[in-house]
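Here is the structure we will look at, set down as structure tokens.
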Amino acid sequence: MPDIKPRPTDSEKITINLFPVDLGQIDLLVQQGFYANRSDLIRTAIRNQLNQHADIIRQTVERNRLVLGLQHISRAELEALQAEGAMLNIRVLGLASIAPDVTPELAAATIGSIAVLGALHASPAVKAALAGRIT
Numbered sequence: 188m189p190d191i192k193p194r195p196t197d198s199e200k201i202t203i204n205l206f207p208v209d210l211g212q213i214d215l216l217v218q219q220g221f222y223a224n225r226s227d228l229i230r231t232a233i234r235n236q237l238n239q240h241a242d243i244i245r246q247t248v249e250r251n252r253l254v255l256g257l258q259h260i261s262r263a264e265l266e267a268l269q270a271e272g273a274m275l276n277i278r279v280l281g282l283a284s285i286a287p288d289v290t291p292e293l294a295a296a297t298i299g300s301i302a303v304l305g306a307l308h309a310s311p312a313v314k315a316a317l318a319g320r321i322t
């Protein structure tokens with residue numbers, strides 16, 4: 188499985204709840220210099236778990252025919268599909284990005300479904316137009 192290293196601007200913020208003892212242990216490891224900060228430890232722990240399950244992830248990506256990484260959908264691509272009378276089914280593990288110049292009408296006419304494990308970047312209007320098709 189390719190090692191995808193996102194740029195800091197490509198990252199998504201999440202919130203987790205930890206017990207005070209767990210948080211204290213994290214702070215102790217940071218204080219002792221094992222990690223630069225809390226986020227560094229948490230990212231490392233998550234990557235270690237993902238590496239441990241890499242075979243399962245790879246098999247599932249292949250079986251479900253997911254795009255792994257980034258899939259950018261441009262206005263030109265959707266206009267070409269519209270001219271052909273075709274629909275696009277987006278299946279991504281990572282980041283699906285719909286260009287900012289895609290109108291809600293064009294998206295609704297050309298995108299049949301969206302399944303994203305990760306993040307979907309699109310204008311609020313496009314997301315609203317596709318709300319019933321996003322799983």
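Just so you know, we're using my numbering here: the sequence shown kicks off at 188 and counts up by one. Positions of the beta carbon are idealized from the N, C-alpha and C atoms, including for glycine.
DSSP places S300 within a strand segment (E or B) once states are collapsed to three.
DSSP links I213 through a beta bridge to no other residue.
When the beta-carbon positions are compared, A294 and L257 stay at least 8 Å from each other. T231 is classed as exposed because its beta carbon has fewer than 16 other beta carbons within 10 Å across all chains shown.
Looking at the backbone, the Cα of S261 and that of A267 are separated by about 10 Å. Excluding the 5 residues flanking it on each side, R252 has same chain C-beta neighbours closer than 8 Å at R278, in chain order. Annotation for V248: the continuous alpha helix (DSSP H) segment containing it runs 241-250. Residue pairing by DSSP places N276 opposite S300 in a beta bridge.
Around the beta-carbon of T297, 16 or more other beta-carbon atoms lie within 10 Å, marking it buried.
Under DSSP, A306 takes part in a beta bridge, and its partners are L282. In this chain, V289 is not harboured by any alpha helix (DSSP H), its DSSP state being neither H nor E. Beta-bridge pairing by DSSP links L255 to L280. Per the coordinates, the alpha-carbon of A315 lies some 24 Å from the alpha-carbon of E271.
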